[in-house]
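Numbering (full-length UniProt numbering), first residue to last: 1 to 535.
Beta carbons: idealized from backbone N, C-alpha and C, even for Gly.
Okay, structure coming up:
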């Protein structure tokens, strides 16, 4: 596709071409009247040629966000200087093979970044699409790739009765994503993409976002990929809890003594964005709200795991689902919440006993199965507690979604160890699978690790093209007839292969939770984490 693209509705767009890929960067998909307003789609553009050779502004967030993510990956990439904006951040990047034409109708891969709904940007170097798209061409499975920005933190998820009464809806960040998906459906054909063949993917909070969009009654995309995150990870809170968080927020911002709601809202709209980010603790801003609309209700394993439940509604319109995790995704909890380690054994035992108070014997067995004793030191107990957190936040939700899916569900386990120096060297920590998928760390990998990266990406390409990358789960069972894909570890096995059991053996996943699900539900077990985090 030419670097200069003449479109029917969006005018002339100047992109840039290199290494067999044409990129169109910073294309605004929506405008904002102010930082809390509804996103208004930009469906037409007139005037001068739009310069899409440079990254657009990112959402307002912690300025060290990219450094934090790369710190957890345990390897750096050349840093970019990126502008932040509260009203001009709703832009997207598109990358296409240079040979693409408007009539190519290539499958579309639309990625929603993670970052706990408080950090992240489509223009961070680890998300560059050049190598991914180039590899798709080499594998004869070409794709059009799209990555989006959306509002984060306070401007994305702060809500209260007075804000809603003033016309400011909850869940701005999720609503932005929805507008971006709809924009892509309407305009991607001009970039050689097939609007009827869109795969929406996300990692961590981005994966959670994908599953939230499956709540839509309207069909939004053809396929979905949730990497190391579902709505069980970024659980929504009721308005009552958001109201409490709002009061904490206005107190932290020094707005408690404002004489009226109008004054408070005016201050929220006018305070420098950097000041808002600096003064507000991210923990009160990182949860969607149960609004009865984009988030209709609190999620449950019991509903999601049953195909006939229509929870989420996307089971009825999204054809295929890919869902998976990394072996120790819970590393991100240790990274973001280091205080959870202090006194962790006592807190964990209390959380388990509280969540399963009706069955003390089962609670005792669960604690023991993760190698935790109440008198254990933090160093002794924390690894087992992280294993439990991994199982309730990442592993079991992946199986729940696969079990309840009406169409084809594909489960994967990413097991390749982190090759770089740091706390998680040799282990498969959170975000590592993304470093492999997008190929941007390729020169820092061994040939064996590069083979994992290639196999992982090729399976994603096949999925986007409607091919079965490995046998799907089609009858809602994770006990019989189960097949999953595993990637690595190349220290002990081939780059990729299949496993015939959901847990145990080559899957490298623990059966612990499932040993007790005939006595306690996964929803009860999930409460353990929520209680643990409050202690």
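In the DSSP assignment, find the unbroken beta strand (DSSP E) run with residue i in it and report its ends.
i: residue 239; result: Looking at the DSSP string, residue 239 is not in any beta strand (DSSP E); the run it does join, the alpha helix (DSSP H), is 239–252.
i: residue 293; result: Segment: none, residue 293 is in no beta strand (DSSP E) and carries neither H nor E.
i: residue 24; result: 21–28
i: residue 547; result: Any question about residue 547 goes unanswered here, given that the chain covers just 1 to 535.
i: residue 486; result: 484–487
i: residue 109; result: 106–112
i: residue 339; result: Where residue 339 is concerned, there is no enclosing beta strand (DSSP E), given that its DSSP letter is neither H nor E.
i: residue 147; result: 144–148
i: residue 227; result: 223–227
i: residue 325; result: 320–326
i: residue 462; result: Looking at the DSSP string, residue 462 is not in any beta strand (DSSP E); the run it does join, the alpha helix (DSSP H), is 447–464.
i: residue 174; result: It is not in any beta strand (DSSP E) - residue 174 instead sits in the alpha helix (DSSP H) that spans 172–187.
i: residue 5; result: 4–6
i: residue 414; result: 408–414
i: residue 597; result: This structure does not reach residue 597, given that the chain is present from 1 up to 535, and the question cannot be answered.
Starting from the C-beta of residue i, find all residues in its chain whose C-beta is less than 6 Å away, skip the five residues before and the five after it, and write them out in chain order.
i: residue 150; result: 173, 176, 177
i: residue 504; result: 511
i: residue 325; result: 228, 394, 395, 398
i: residue 434; result: 203
i: residue 276; result: 154
i: residue 245; result: 284
i: residue 66; result: 124
i: residue 279; result: 252, 253
i: residue 456; result: 436, 437, 487
i: residue 273; result: 60, 86
i: residue 217; result: 313
i: residue 206; result: 112, 113, 114
i: residue 170; result: 159, 289, 291
i: residue 528; result: 351, 352, 355
The alpha helix (DSSP H) spanning residue i covers which residue range?
i: residue 212; result: 205–213
i: residue 304; result: 301–304
i: residue 382; result: 378–390
i: residue 333; result: 331–336
i: residue 279; result: 273–279
i: residue 133; result: 130–138
i: residue 347; result: 344–355
Are there 16 or more other CB atoms within 10 angstroms of the CB of residue i, so buried, or fewer, so exposed?
i: residue 54; result: exposed
i: residue 229; result: buried
i: residue 48; result: exposed
i: residue 538; result: Residue coverage of the chain in this structure runs from 1 to 535, which leaves residue 538 outside it and unanswerable.
i: residue 290; result: buried
i: residue 128; result: buried
i: residue 143; result: buried
i: residue 320; result: buried
i: residue 513; result: buried
i: residue 64; result: exposed
i: residue 384; result: buried
Thinking residue i and residue j are a contact (beta carbons under 8 Å), I'd like their distance in whole angstroms, please.
i: residue 225; j: residue 201; result: 4 Å
i: residue 70; j: residue 126; result: 7 Å
i: residue 295; j: residue 215; result: 7 Å
i: residue 33; j: residue 91; result: Rounded, the Cβ-Cβ distance is 17 Å, inconsistent with contact.
i: residue 221; j: residue 318; result: 7 Å
i: residue 152; j: residue 61; result: 5 Å
i: residue 235; j: residue 287; result: 7 Å
i: residue 15; j: residue 106; result: Wrong, their Cβ atoms sit about 16 Å apart, outside the cutoff.
i: residue 21; j: residue 121; result: Not a contact, Cβ separation roughly 20 Å.
i: residue 429; j: residue 331; result: 4 Å
i: residue 179; j: residue 363; result: 45 Å between Cβ atoms; not a contact.
i: residue 372; j: residue 361; result: About 16 Å; that fails the 8 Å criterion.
By Cβ distance, which residues of its chain are closer than 8 Å to residue i, with the 5 residues on each side in sequence left out?
i: residue 190; result: 5, 7, 8, 9, 10, 102
i: residue 165; result: 261
i: residue 506; result: 486, 493, 497, 499
i: residue 267; result: 253, 255, 258
i: residue 116; result: 204, 205, 234, 282, 286, 336
i: residue 444; result: 75, 419, 420
By Cβ distance, which residues of its chain are closer than 7 Å to residue i, with the 5 residues on each side in sequence left out?
i: residue 536; result: Missing from the structure shown is residue 536; the chain here goes from 1 to 535 and no further.
i: residue 532; result: 347, 348, 351
i: residue 478; result: 399, 402, 403, 502
i: residue 19; result: 130, 134
i: residue 243; result: 160, 161
i: residue 359; result: 519, 520
Consider the C-beta atom of residue i and the heavy atoms of the ligand GDP; say whether any pair is separated by less than 7 Å.
i: residue 361; result: Looking at this structure, you won't find the ligand GDP or any other ligand, since it has none at all.
Below 8 Å, how does it come out for the region 460–474 and the region 408–426: are there three or more Cβ pairs, yes or no? yes
The region 342–351 contacting the region 410–428, beta-carbon criterion three pairs below 8 Å: no
Is the region 145–162 touching the region 107–121 in the sense that three or more CB pairs, one from each, lie closer than 8 Å? yes
Pair every Cβ in the region 256–275 with every Cβ in the region 418–426, then say whether three or more of these pairs are closer than 8 Å. no
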